[in-house]
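2 protein chains.
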Amino acid sequence: MSTARSFARSPCAVANSLDIVGDKWSLLVVRDLLHGKHTYKELADSLEHIPTNILADRLRRLEGAGIVSSTPYQQRPVRYAYTLTAKGKDLGDVLLAFVRWGKRHIPGTVALGTGRAKAAPAARKPAPRRASSKQKSGSHPPKDDR
Amino acid sequence: MSTARSFARSPCAVANSLDIVGDKWSLLVVRDLLHGKHTYKELADSLEHIPTNILADRLRRLEGAGIVSSTPYQQRPVRYAYTLTAKGKDLGDVLLAFVRWGKRHIPGTVALGTGRAKAAPAARKPAPRRASSKQKSGSHPPKDDR
Chain A
0 MSTARSFARS
10 PCAVANSLDI
20 VGDKWSLLVV
30 RDLLHGKHTY
40 KELADSLEHI
50 PTNILADRLR
60 RLEGAGIVSS
70 TPYQQRPVRY
80 AYTLTAKGKD
90 LGDVLLAFVR
100 WGKRHIPGTV
110 ALGTGRAKAA
120 PAARKPAPRR
130 ASSKQKSGSH
140 PPKDDR
Chain B
0 MSTARSFARS
10 PCAVANSLDI
20 VGDKWSLLVV
30 RDLLHGKHTY
40 KELADSLEHI
50 PTNILADRLR
60 RLEGAGIVSS
70 TPYQQRPVRY
80 AYTLTAKGKD
90 LGDVLLAFVR
100 WGKRHIPGTV
110 ALGTGRAKAA
120 PAARKPAPRR
130 ASSKQKSGSH
140 PPKDDR
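Residue numbers (numbering that gives the first Met the number 0), protein chains in the order written: chain A, 0 to 145; chain B, 0 to 145.
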């Protein structure tokens, strides 16, 4: 048992996960990245209209937590493309659980963006109907349409 | 498509779920109720030491959202036992996803309380190793040890 390390609240896996993504916005940013968005502008344009200061804060925190990585895709001014790390992609399981719960218990809600191909600034191949785990090796993350 | 209703942010199932439980505490209260806690004192005694004003607020909001129901178990002073509704128990799926993600990506975290029988104020039968979906019919909710 390696529970001797100091946790903010407890060694509970749920509590520590919530310390990272337990707010109203972080998982929506992860959702959009999973659905193929990459740029700050694309993320800011989501249906929920995340305030830009919150978006900047959440991207910084998600990157600090190893969930998001950023690479410059343009100089003068520098602009970054954001992608999910393996740790971030694994949050798709949490998102799916929320989708199932929401659709079952909050009438009228839908799985937003699932199955829709989003246009990215750089040319991207549309995702196949059944994405394999190694469909792409480019600078963009594999699209996760689960 | 019944998406004409007015949602706070969007018809996204994830966004609307987060509008209810997207904070650092609500899902920990649900976790504890799933693990067999019922009273305010039991919930306040969790490892994370939820501040009592936040606990009272979250219980009120969770009850308002149809996730928790309360029944008085004592008069003078009135004290309430809190249980999860079917809608609340279904959040176990979300909790499990967080447990898997946390254990995989946050070193040292554990599935807190899972499999442990908690003592409740009223006499309760210990949960069987494999809980069936209709193991009990008393005033307490079935223990969910998934």
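Where is the CB? At the ideal position from N, CA and C, for every residue including glycine.
- Look at the region 26-37 of chain B: the residues with a C-beta under 8 Å from a C-beta of chain A are L26, L27 and R30.
- Residue pairing by DSSP places B:P71 opposite B:Y79 in a beta bridge.
- B:H104: member of the alpha helix (DSSP H) spanning G91 to H104, first to last residue.
- Taken residue by residue, none of the region 54-74 of chain A has a beta-carbon sitting less than 7 Å from a beta-carbon on chain B.
- Here B:T38 carries a strand assignment [DSSP, helix/strand/coil].
- Beta bridge pairing from DSSP links A:V28 with no other residue.
- If the five residues before and after B:E62 are omitted, its C-beta is found closer than 7 Å to the C-beta atoms of S68 and S69, all from its own chain and listed in chain order.
- Counting C-beta pairs closer than 8 Å gives fewer than three between the region 76-85 of chain B and the region 95-106 of chain B, which falls short of the contact rule.
- Taken atom to atom, the span from the alpha-carbon of B:L90 to that of B:V28 is near 11 Å.
- Proximity of B:D92 to chain A, defined by a Cβ-Cβ separation below 8 Å, is satisfied.
- If you ignore the 5 residues before and after B:D31, its C-beta comes within less than 8 Å of the C-beta of E41, L42, S45 and G112, all in its own chain and listed in chain order.
- Residues of the region 98-114 of chain A whose Cβ lies closer than 9 Å to any Cβ of chain B, in chain order: V98, R99, W100, G101, K102, R103, H104, I105, P106, G107, T108, V109, A110, L111 and G112.
- Taking 8 Å as the CB threshold, B:D44 stays off the interface with chain A.
- At least one C-beta of chain B is nearer than 8 Å to the C-beta of A:N15.
- In terms of Cα proximity to B:I53, the closest of B:I105, B:S25, B:P10 and B:A12 is B:S25.
- C-alpha of A:G107 to C-alpha of B:A12: approximately 8 Å in a straight line.
- A:S16 and B:I105 have their alpha carbons spaced roughly 8 Å apart.
- Taking the CA atoms as reference points, B:D92 sits about 16 Å from A:G21.
- Looking at the DSSP output, B:V109 shares a beta bridge with A:C11.
- In the structure shown, B:T84 falls within a coil segment according to DSSP collapsed to helix, strand and coil.
- Ranked by Cα distance from A:S5, the options B:Q74, B:E47 and B:R57 are led by B:E47.
- B:S9 and B:Q74 have their C-alpha atoms some 43 Å from each other.
- In this chain, A:I66 is not harboured by any alpha helix (DSSP H), its DSSP state being neither H nor E.
- Taking B:I19 as the centre and dropping the five residues before and after it, the same chain places the C-beta of A64 closer than 6 Å to its C-beta, in chain order.
- For the C-beta of A:K23, the chain B residues within less than 9 Å are, from N- to C-terminus, R8, A14, L17, D18, G21 and D22.
- The beta-carbon of A:A80 is placed no less than 8 Å from the nearest beta-carbon of chain B.
- For A:K86, the chain B residues whose C-beta falls within less than 7 Å of its own C-beta are H104, listed in chain order.
- No Cβ-Cβ contact shorter than 8 Å links A:I66 with A:T51.
- Taking all protein chains shown into account, A:A14 has 16 or more neighbouring C-beta atoms within 10 Å of its C-beta and is therefore buried.
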